[in-house]
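Quick notes on the structure that follows.
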Amino acid sequence: MPHRLFSLFFVLLAAASPAAEPLVRREWVVDGVKREALVFVPTTAKEQPAPLVFGFHGHGGNMGNSARSYHIHLLWPEAIVVYPQGLNTPGRLTDPEGKKPGWQSTVGDQGDRDLKFFDAMLASMRNEFKVDDARIYSTGHSNGGGFTYLLWAARGDQFAAFAPSASAASRTREQLNPKPVLHIAGEADPLVKFAWQEAQIRALITLNQCGASRAWELDPNCSYYPSKVGCPVITAIHPGDHAYPREAPEVIVKFFKSQAKKP
26 MPHRLFSLFF VLLAAASPAA EPLVRREWVV DGVKREALVF VPTTAKEQPA PLVFGFHGHG
86 GNMGNSARSY HIHLLWPEAI VVYPQGLNTP GRLTDPEGKK PGWQSTVGDQ GDRDLKFFDA
146 MLASMRNEFK VDDARIYSTG HSNGGGFTYL LWAARGDQFA AFAPSASAAS RTREQLNPKP
206 VLHIAGEADP LVKFAWQEAQ IRALITLNQC GASRAWELDP NCSYYPSKVG CPVITAIHPG
266 DHAYPREAPE VIVKFFKSQA KKP
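Counting from 1 along the sequence shown, just add 25 to a position and that's the residue number in the working numbering.
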């Protein structure tokens, strides 16, 4: 499959950015269970429609890790950004006893606790702020990327685009409808095998009725597959392993800014 490698060099923009509004810890009670997230809200979000981005941590991670690693709020300070916290969950590839936090893997799993959590977060953001309903996005790494695929399957009509990293959607693939997607994958990933992710990308290209790839005009290190139905597939393939690449946040923000849900 044609692809281009991520550049190995990335200048972290956060250090050069002006002081941002602080992240605020928020709580929800979902089916009697306290859930929480770190939330960034632009000062203008009560007067002007704002994009809304959800960033889900990987299995064993936490909302603080995802805020630091993804730092979407620093790269896109005009957007509302939510970094949710998972609950202890048995992992499909690691942690079978469920001693570490993560996300449900299929519709109906864990009583749909995480889909209900997403619904609660989305409802409260819409109630409190002017959310631009044409610009709602999800990203996540590993198990968080898997949950991003699950949101696509179960709540896809809410979103403009998705950006999963180091993940695949074998259990939910048949439930996906065409949507713009950026998939990030490491060629040396020992956990979510690159062959699995290649199969996922091929399925996305077919789903979105895409043609042959070319260099993406917003980042020539990524491959762009134009879509007959307005839902391009973009691949960001890097030579690394399962670790979240430092280059990913900047590429994800470029992608999200380029996509809006059509009326």
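For every residue, glycine included, the Cβ atom is placed at its ideal position computed from N, Cα and C.
All of these numbers come straight from a predicted model, not from anything done at the bench.
Going by the CB atoms, is the gap between residue j and residue i shorter than 8 Å?
i, j, result
"Ala-92", "Leu-48", "yes"
"His-84", "Ser-163", "no"
"Pro-274", "Leu-100", "yes"
"Glu-61", "Gln-110", "yes"
"Lys-204", "Pro-74", "no"
"Leu-229", "Phe-280", "no"
"Leu-140", "Trp-177", "no"
"Ile-259", "Ser-252", "no"
"Ala-185", "Gln-284", "yes"
"Ala-261", "Val-276", "yes"
"Phe-172", "Gly-165", "yes"
"Ser-195", "Trp-53", "no"
Starting from residue i and walking both ways along the beta strand (DSSP E), at which residues does that stretch end?
i, result
"Asn-246", "244 to 250"
"Val-78", "75 to 81"
"Thr-260", "258 to 263"
"Thr-164", "156 to 166"
"Phe-187", "186 to 190"
"Pro-109", "105 to 109"
What first and last residue would you give for the alpha helix (DSSP H) that runs through residue i?
i, result
"His-208", "Here His-208 belongs to no alpha helix (DSSP H); instead the beta strand (DSSP E) covers 206 to 211."
"Ala-145", "138 to 153"
"Ala-219", "The sequence given here has Phe at residue 219, not Ala. Residues 219 to 232."
"Pro-274", "273 to 282"
"Arg-93", "88 to 95"
Here's a check: name, in chain order, each residue in its chain whose Cβ is nearer than 6 Å to the Cβ of residue i, leaving out the five neighbours to either side.
i, result
"Leu-175", "Thr-197"
"Thr-114", "Gly-123 and Gly-127"
"Glu-212", "Phe-219 and Pro-264"
"Phe-142", "Val-55 and Arg-60"
"Tyr-95", "Gly-80 and Pro-274"
"Gly-236", "Pro-251"
"Val-132", "Ala-179"
"Gly-169", "Phe-81, His-82 and Gly-83"
"Val-64", "Val-49, Arg-51 and Val-107"
"Pro-288", "none"
I believe residue i touches residue j by the beta-carbon criterion, under 8 Å. Please report the beta-carbon distance rounded to the nearest angstrom.
i, j, result
"Ser-130", "Arg-117", "6 Å"
"Gly-80", "Tyr-108", "5 Å"
"Gln-234", "Val-254", "5 Å"
"Leu-66", "Ile-105", "Before going further, note that residue 66 is Val rather than Leu in the sequence given. Sure, about 5 Å apart at Cβ, within 8 Å."
"Ile-161", "Gln-183", "6 Å"
"Lys-286", "Ala-188", "Not quite, the Cβ-Cβ distance comes to about 15 Å (not below 8 Å), so this is no contact."
Could you name the residues of the same chain whose beta carbon sits closer than 7 Å to that of residue i, not counting the 5 residues immediately before and after it, in chain order?
i, result
"Asn-90", "His-82"
"Thr-119", "His-84"
"Ala-70", "Ile-105, Phe-154 and Lys-155"
"Arg-239", "Tyr-249"
"Asp-266", "Gly-211, Ala-213, Asp-214 and Pro-215"
"Leu-232", "Leu-201 and Pro-203"
On the DSSP bridge list, what partners appear for residue i?
i, result
"Ala-240", "Ser-248"
"Trp-53", "Arg-60"
"Pro-126", "Asn-113"
"Phe-172", "According to DSSP, Phe-172 bridges with nothing at all."
To which residues of the same chain is residue i closer than 8 Å at the C-beta, ignoring the five residues directly before and after it?
i, result
"Arg-138", "Val-55, Asp-56, Val-58, Leu-112 and Gln-129"
"Gln-222", "Ala-191, Ser-192, Ala-193, His-208, Ala-210 and Asp-214"
"Trp-241", "Cys-247, Ser-248, Tyr-249 and Ile-259"
"Leu-243", "Lys-279, Phe-280 and Ser-283"
"Ala-268", "Gly-211"
"Ile-226", "Met-26, His-208, Ala-210, Val-258 and Thr-260"
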